[in-house]
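Worksheet: one structure, shown below.
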């Protein structure tokens, strides 16, 4: 096991593939583990007494070579969709062994994630995320948007998600970060704005 | 076969009965020995209000408004009898109910958002689809469907304030209706449902009106509720067992909805 000093890195072993737990031989065993885990008081509420959810988390942990509890702590169900906590994505990128620790380059209005590919020495730059982009995409204008209250953190989180999606999509396993899911889920149908503007053009 | 007598597909009212206890669904829709459903005065008033607001041009063809008479007197009785004969084939309303319908219609038609939504569309269009996830045949009959694929549902209520109507939504599971109808429309037409709106109108003066929609979170939860009911329905249908309430002695949670 590699020992690391950076707090955002995970102390985990290299990803190991223990074989699909949904293979018939393993399934029974996995289900028993899921039953025990889901009855624990330490697991987050969406897994508590929910063997099915716990089994999904087990499968993911198995694929990633990570601890089931860690996956459960960081796999959030937002608007019915599984998504990763952003800090978990950063930690996973840092500990996957392919890149140097993620650095964030930018200012108060924009940010990109940068890391060096350990194998080739190439400097990899993620797409730049800016407040302008957040505004254009409508992330900033949503009620209760974290882009208004903590823009710096949101810029870094999003820059990391974009970096991961581009250079290490297997780390995100095709999923979005929780913050992304919150940003892209419409809070109201488009027709609401259309109606309100028609009946009250000034409002 | 009318919309209500077609039991090969389940409606939102059916889901409500399943949610209470499958035995209620059986009694209402499947029991061949059950007495026929009576049309209660509340149901008649509800239909008349819907007709007045959504299809005002049809009102005269479906309803006959009785004269204002004192049915306790001989003359009044005779007048009322004569009216009933003349109004054969139509549903009879007393003049108070007719006035109520008119006042509600005026209030809704004057309310800008409702006026906008009801400008163009079709009343009571039947939608039929199969829920892919659970494989159950479903049906719905939205009050109003616009050409833009927006569903509008008219609700008369004691209290149309946000707080009051939210209570009605919980009590009568209007959230489940919104999710069930929106999904049904998408499945039936292959086009996205552009919104589900409630026109809530109070049934006493000054007949205040409001238009509401539900947030994505509530709709998502409602979707899970109706899918759970669909699954129960499917299992009951397959097993032929339409159970009642829990047979074991149960702790009653008095503060849970």
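Protein chains in written order, with our numbering: chain A, 113 to 315; chain B, 5 to 261.
Even for Gly, the Cβ is constructed at its ideal location relative to N, Cα and C.
Counting pairs of Cβ atoms below 8 Å between the region 194-201 of chain A and the region 295-310 of chain A, do you hit three or more? no
Between which two residues does the beta strand (DSSP E) carrying residue 142 of chain B extend? One-based indexing of the second chain puts residue 142 of chain B at position 138. Per DSSP, residue 142 of chain B belongs to the beta strand (DSSP E) from 140-144.
CB of residue 54 of chain B to nearest heavy atom of the ligand NAD: below 8 Å? As presented, the structure is devoid of all ligands, the ligand NAD included, so that no description of it is given.
Below 8 Å, can you find three or more Cβ-Cβ pairs linking the region 111-122 of chain B to the region 74-82 of chain B? no
Between the beta-carbon of residue 179 of chain A and the beta-carbon of residue 288 of chain A, is there less than 9 Å? Mapped onto the first chain, residue 179 of chain A falls at position 67. Mapped onto the first chain, residue 288 of chain A falls at position 176. Against a cut-off of 9 Å, the Cβ pair of residue 288 of chain A and residue 179 of chain A comes out as no contact.
Is any beta-carbon of chain A found at less than 9 Å from that of residue 230 of chain B? Position 226 of the second chain, counting from 1, holds the residue named residue 230 of chain B. Not an interface residue.
Reducing DSSP to helix, strand and coil, say where residue 165 of chain B ends up. Position 161 of the second chain, counted from the first residue, corresponds to residue 165 of chain B. In the structure shown, residue 165 of chain B sits in coil (DSSP, three-state: anything other than H, G, I, E or B).
Range of the contiguous beta strand (DSSP E) that encloses residue 206 of chain B: Reading the second chain from its first residue, position 202 is the one you call residue 206 of chain B. Boundaries of the beta strand (DSSP E) around residue 206 of chain B: 199-206.
If you draw a straight line from the C-alpha of residue 323 of chain A to the C-alpha of residue 185 of chain A, how long is it? Summary: the structure shown does not reach residue 323 of chain A, with chain A confined to residues 113 through 315, and so no result is reported for it.
Measuring only the C-alpha atoms, how far is residue 183 of chain B from residue 211 of chain A? Looking up residue 183 of chain B in the second chain gives position 179. Looking up residue 211 of chain A in the first chain gives position 99. Straight-line Cα distance between these residues: approximately 45 Å.
Among the candidates B:70, B:14, B:43, B:61, whose CA atom is the shortest distance from the CA of residue 238 of chain B? Stepping through the second chain from its first residue, residue 238 of chain B is reached at position 234. Looking only at B:70, B:14, B:43, B:61, the smallest Cα-Cα distance to residue 238 of chain B is reached by B:14.
Any beta strand (DSSP E) of 3 or more consecutive residues that is wholly inside the region 36-72 of chain B: 67-69
Contact between the region 150-161 of chain B and the region 180-198 of chain B (3+ Cβ pairs under 8 Å): yes
Spell out whether any CB of chain B is found under 9 Å from the CB atom of residue 300 of chain A. One-based indexing of the first chain puts residue 300 of chain A at position 188. Yes, contact with chain B.
Taking 9 Å as the CB-CB limit, is residue 36 of chain B close to chain A? Locating residue 36 of chain B in the second chain gives position 32, where the first residue counts as 1. Cβ-Cβ to chain A under 9 Å: no for residue 36 of chain B.
Examine chain B for any beta-carbon lying closer than 9 Å to the beta-carbon of residue 128 of chain A, and answer yes or no. In the first chain, counting from the first residue as 1, residue 128 of chain A sits at position 16. Note that residue 128 of chain A scores 45 on pLDDT, short of 50, meaning its location in the model is unreliable and no value can be drawn from it.
Can you give me the Cβ contacts of residue 208 of chain A inside the same chain, cut-off strictly under 7 Å, excluding the 5 residues immediately before and after it? On the first chain, residue 208 of chain A is found 96 positions in, with the first residue counted as 1. Excluding residues within five positions, the ones whose Cβ falls inside 7 Å are 280, 283.
Residue interval of the alpha helix (DSSP H) (run including residue 28 of chain B): Taking the first residue of the second chain as position 1, residue 28 of chain B is located at position 24. Counting along the chain, the alpha helix (DSSP H) containing residue 28 of chain B begins and ends at 26-29.
Does the structure place the region 239-248 of chain A close enough to the region 216-231 of chain A that three or more beta carbon pairs sit under 8 Å? yes
Taking only beta-carbon positions, decide if residue 117 of chain B is within less than 9 Å of chain A. To locate residue 117 of chain B, count along the second chain from 1; it is residue 113. Interface residue, yes.
State the start and end residues of the unbroken alpha helix (DSSP H) segment that holds residue 232 of chain B. As a first step, residue 232 of chain B must be located in the second chain, where it is residue number 228. From DSSP, the alpha helix (DSSP H) with residue 232 of chain B extends over 220-243.
What does residue 253 of chain A touch in chain B if you count any residue whose Cβ is under 9 Å from its own? Indexing the first chain from 1 puts residue 253 of chain A at position 141. Per Cβ cutoff of 9 Å: no residues; residue 253 of chain A is ~16 Å from chain B at best.
Taking a contact to mean a Cβ-Cβ separation below 9 Å, would you say residue 185 of chain B touches residue 131 of chain B in this structure? On the second chain, residue 185 of chain B is found 181 positions in, with the first residue counted as 1. On the second chain, residue 131 of chain B is found 127 positions in, with the first residue counted as 1. Against a cut-off of 9 Å, the Cβ pair of residue 131 of chain B and residue 185 of chain B comes out as a contact.
Per DSSP, which one or two residues make a beta bridge with residue 126 of chain B? Residue mapping note: residue 126 of chain B aligns to position 122 of the second chain, counting from 1. B:149.
Mapping DSSP to helix, strand and coil, what is residue 116 of chain A? As a first step, residue 116 of chain A is located in the first chain; it is residue number 4 there, counting from the start. Note on residue 116 of chain A: pLDDT 42, under 50, position unreliable in the model; no value is reported.
Do residue 10 of chain B and residue 143 of chain B have their CB atoms nearer than 9 Å? Translated into positions along the second chain, residue 10 of chain B becomes position 6. Translated into positions along the second chain, residue 143 of chain B becomes position 139. Yes; because the gap between Cβ atoms is below 9 Å, this pair is in contact.
Would residue 68 of chain B and residue 95 of chain B qualify as a contact pair, given that the criterion is a beta-carbon distance under 9 Å? In the second chain, counting from the first residue as 1, residue 68 of chain B sits at position 64. In the second chain, counting from the first residue as 1, residue 95 of chain B sits at position 91. Yes, Cβ-Cβ distance for residue 68 of chain B and residue 95 of chain B is below 9 Å.
Pair every Cβ in the region 53-68 of chain B with every Cβ in the region 84-95 of chain B, then say whether three or more of these pairs are closer than 8 Å. A contact exists between the region 53-68 of chain B and the region 84-95 of chain B.
Compare the Cα-Cα distances from residue 291 of chain A to each of A:173, A:136, A:187 and report the closest residue. On the first chain, position 179 is the one that residue 291 of chain A refers to. The shortest Cα separation from residue 291 of chain A among A:173, A:136, A:187 belongs to A:187.
Between residue 304 of chain A and chain B, is there a C-beta pair that is closer than 9 Å? Residue mapping note: residue 304 of chain A aligns to position 192 of the first chain, counting from 1. So, interface residue.
Have a look at the DSSP bridge pairing and note the partners of residue 164 of chain A. Working through the first chain from its first residue, we reach residue 164 of chain A at position 52. In the DSSP output, where bridge partners are listed per residue, residue 164 of chain A has none listed.
Going by CA-CA distance only, name the one from B:21, B:115, B:192, B:33 that's closest to residue 236 of chain B. Taking the second chain and counting its residues from 1, the one referred to as residue 236 of chain B is at position 232. Looking at the Cα atoms, B:21 is the closest of the given residues.
Take residue 138 of chain B as the anchor and find which of B:37, B:231, B:52, B:209 has the nearest alpha-carbon. Reading the second chain from its first residue, position 134 is the one you call residue 138 of chain B. The candidate whose alpha carbon is nearest that of residue 138 of chain B is B:231.
Name the chain A residues that come within less than 7 Å of residue 154 of chain B, Cβ to Cβ? On the second chain, position 150 is the one that residue 154 of chain B refers to. The answer, in chain order, is 303.
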